[in-house]
Amino acid sequence: MGKLRPLTESDLPLLLDWRNDPAINRYMFNQRPIQLAEHIKWFCRAAQDQKYTLLVYENNGAPLGHVNFTEKPDSGIAEWGFYIAPDAPRGTGSGMCTAALRMAFLEIKLRKVSAQVLAYNERSLHLHQKLGFQQEGVLRDHHFDGSHYHSIHCFGLLAHEWQSNSGTQK
Ligand SMILES: CC(C)(COP(=O)(O)OP(=O)(O)OC[C@H]1O[C@@H](n2cnc3c(N)ncnc32)[C@H](O)[C@@H]1OP(=O)(O)O)[C@@H](O)C(=O)NCCC(=O)NCCS
């Protein structure tokens, strides 16, 4: 079982390799390759802004994935995003997301975690359902990737829903 720790500047080159890998990038809303300077700028800005929680998931010291929460000011509601190392073993996403939800509800004390998932991202759709998220709607043809339109599935998980079905996830 891995654990989460804060993202640091020394993680950025590795994180950028994962983020720009075609196996990861194709499921992101912004699929333009990201440059290191832009990536560092994003980190420096986000690290100083309390609405962001930026995390690395690791097992025995080996980084395996990244999770972030972006909280709407003074609401206790955050949208999350995540990706794993392209060569991470099967089950990494489930372990990482389970640990991240535990942190979200028990440590950050959020009331709700929400997500937006591109309709063709079957693994993420399945993962959100498995983690107990409710599908709250579908934004039809709501994302244009430069050549095609894609629908977006909106998910939400409330703290009390997580509490009541997290017996096996805690
Ligand atoms: C989404 C992601 C984090 C999942 O990580 P992972 O390590 O592959 O996930 P797991 O191995 O824990 O599998 C999650 C579930 O998806 C299932 N799954 C795997 N491939 C699947 C597919 N093609 N279609 C549907 N379900 C699939 C697995 O069987 C597992 O479910 P189960 O436990 O009921 O068997 C990872 O694939 C990733 O980083 N993708 C790119 C970035 C991304 O999509 N981020 C989320 C944006 S919303």
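Its first residue numbered 0, the sequence shown is counted upward by one per residue in numbering that gives the first Met the number 0. Even for Gly, the Cβ is constructed at its ideal location relative to N, Cα and C.
What distance in whole Å lies between the Cβ atoms of residue j and residue i, which are believed to be in contact at a cut-off of 8 Å?
i       : j       : result
Asn-67  : Gly-80  : 5 Å
Arg-4   : Glu-57  : 7 Å
Cys-153 : Leu-130 : Between Leu-130 and Cys-153 the Cβ distance is about 15 Å, and since that is not below 8 Å, they are no contact.
Asp-144 : Gln-49  : Actually they do not touch by this definition, with Cβ atoms about 32 Å apart.
Ala-99  : Gly-1   : Ala-99 to Gly-1, Cβ: 11 Å. No contact.
Which one or two residues does DSSP pair with residue i in a beta bridge?
i       : result
Phe-143 : Tyr-148
His-65  : Val-55, Tyr-82
Ser-113 : Glu-78, Gly-155
Leu-3   : Tyr-56
Gln-47  : According to DSSP, which records beta bridges pairwise, Gln-47 is partnered with nothing at all.
Glu-70  : Ala-77
Gly-136 : Cys-153
Whose C-alpha, out of the options, is nearest the C-alpha of residue i?
i       : options                            : result
Asn-19  : Lys-2, Arg-122, His-38             : His-38
Leu-15  : Lys-2, Phe-28, Trp-41              : Trp-41
Leu-105 : Glu-8, Ala-158, Ser-146            : Ala-158
Pro-12  : Lys-108, Ala-84, Ser-165           : Ala-84
Gln-47  : Glu-8, Gln-162, Thr-91             : Glu-8
Gln-162 : Tyr-51, Lys-108, Met-27            : Lys-108
Phe-28  : Asn-164, His-141, Glu-160          : His-141
Gly-64  : Ser-93, Arg-139, Asn-120           : Ser-93
Pro-21  : Asp-86, Cys-43, Gln-134, Ser-165   : Asp-86
Asp-73  : Val-55, Tyr-51, Ala-98, Arg-89     : Tyr-51
Pro-88  : Glu-78, Ala-77, Ala-61             : Ala-61
Ile-33  : Gln-134, Arg-44, Trp-17, Cys-43    : Trp-17
Arg-139 : Leu-126, Gln-115, Gln-128, His-127 : Gln-115
Ala-103 : Glu-135, Ala-77, Val-55            : Ala-77
Leu-126 : Val-137, Thr-91, Gly-136, Arg-44   : Thr-91
For a quick check, are the C-beta atoms of residue i and residue j less than 7 Å apart?
i       : j       : result
Tyr-82  : Ile-23  : yes
Leu-35  : Leu-6   : no
Ser-113 : Gly-155 : yes
Gly-75  : Arg-110 : yes
Leu-117 : His-149 : yes
Tyr-26  : Asn-120 : yes
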